[in-house]
Ligand SMILES: [Zn+2]
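Residue numbers (the numbering used here): 13 to 286.
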């Protein structure tokens, strides 16, 4: 189990989601109401005091691995940069039923949204898959739209996953340490579609970040919501270097293969990318 007792309390989780919303916004990865956050909580969590308004909700698909557990999910149309001002009004707590078929949505009386995020199907499917695969008791997911990385995905050659990773890993020594599997590169798919959901589930089995070409990223962590945000910052920073290099007609050397090898050996990084 990644998280040991004492487990974070609801207030701490809401504060962390608020902070992460600001960080993602600070790197320009959530213009307008773009982006969304969800967190799976595998231990008993009392949500009714904070979220006393209860309604039944259908799930977009079954989630048997999440039965009787709780997801904290952002509301549709809410801005990531505003969550910290009043986290409880910007998110809902989804308590899955015994069969993983339906759920109860708990919200605050001053709730500021009608529905949960339109990417809820992907969030639910990835949490369900990760919990089923690994038995984790905590799992955070963030969707964001970091501009430099997304821009690179508009260049056809960069949609080749191995080329993309080779280009991203060559700018800072810690990139490979933090993302030893690199990122998964998915083709463009319609936002909110079942095809995108299935590809995201498969991609996040192998990687901690997947790129939705011409759209944005989905990042996960089974340690904290902050770590999922860190991963988005690492890849966006690498993509910014790559963009700068394209703009300046590729004058930079970047880390050589030998230099990257010394990093991987010194930090004992398990990777097949270097
Ligand atoms: Zn999006």
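Idealized CB from N, CA, C, for every residue including glycine. The structure displayed is predicted, hence computed values, not measured ones.
{"Item": "Could you tell me whether any non-hydrogen atom of ligand 3 is closer than 7 Å to the CB of residue 104?", "Value": "Ligand 3 is not part of the structure shown, which contains ligand 1 as its ligands."}
{"Item": "Tell me, which residues are paired with residue 232 by DSSP?", "Value": "153"}
{"Item": "Give me the Cα-Cα distance between residue 172 and residue 51, rounded to the nearest whole angstrom.", "Value": "30 Å"}
{"Item": "Can you name the residues that DSSP bridges to residue 316?", "Value": "For residue 316 there is no data in the structure shown, the boundaries of the chain being 13 and 286."}
{"Item": "If you follow the alpha helix (DSSP H) that residue 82 is in, where does it begin and where does it stop?", "Value": "Where residue 82 is concerned, there is no enclosing alpha helix (DSSP H), although the beta strand (DSSP E) it sits in stretches over 82-86."}
{"Item": "Could you name the residues of the same chain whose beta carbon sits closer than 6 Å to that of residue 137, not counting the 5 residues immediately before and after it, in chain order?", "Value": "209 and 213"}
{"Item": "Please classify residue 233: is it buried, with 16 or more other beta-carbons within 10 angstroms of its beta-carbon, or exposed?", "Value": "buried"}
{"Item": "In whole angstroms, what is the alpha-carbon distance linking residue 206 and residue 139?", "Value": "15 Å"}
{"Item": "Going by other Cβ atoms of all chains shown within 10 Å of its Cβ, with 16 needed for buried, is residue 254 buried or exposed?", "Value": "buried"}
{"Item": "Beta carbon of residue 95, beta carbon of residue 29: below 8 Å?", "Value": "yes"}
{"Item": "Could you check where the beta strand (DSSP E) with residue 221 kicks off and where it finishes?", "Value": "221-224"}
{"Item": "Under 7 Å from any heavy atom of ligand 1, by CB: list those residues in chain order, please.", "Value": "46, 47, 131, 155, 157, 203, 227 and 228"}
{"Item": "Assuming residue 196 is part of the beta strand (DSSP E), what are its boundary residues?", "Value": "196-198"}
{"Item": "Quick check for students: name the residue ranges of the beta strand (DSSP E) that lie wholly in the region 120-190, counting only runs of 3 or more.", "Value": "150-156"}
{"Item": "Using CA atoms only, rank isn't needed, just tell me which of 120, 165 and 192 is closest to residue 286.", "Value": "192"}
{"Item": "Taking 8 Å as the threshold, find out whether the region 272-282 comes into contact with the region 184-199 through three or more Cβ pairs.", "Value": "yes"}
{"Item": "Helix or strand or just coil, what does DSSP make of residue 278?", "Value": "helix"}
{"Item": "Is the beta carbon of residue 112 closer than 8 Å to that of residue 56?", "Value": "no"}
{"Item": "Closest by CA to residue 33, which one among 154, 166, 70 and 54?", "Value": "154"}
{"Item": "Identify the continuous alpha helix (DSSP H) that holds residue 59 and give its terminal residues.", "Value": "Counting along the chain, residue 59 falls outside any alpha helix (DSSP H), and DSSP gives it neither H nor E."}
{"Item": "Should residue 44 go down as buried or exposed, given a rule of 16 or more other Cβ atoms within 10 Å for buried?", "Value": "exposed"}
{"Item": "To the nearest angstrom, report how far apart residue 86 and residue 175 are at their CA atoms.", "Value": "34 Å"}
{"Item": "Of all the options 166, 270, 117 and 218, which has the alpha carbon lying nearest to the alpha carbon of residue 182?", "Value": "270"}
{"Item": "Could you tell me the alpha carbon to alpha carbon distance between residue 65 and residue 120, rounded to whole angstroms?", "Value": "6 Å"}
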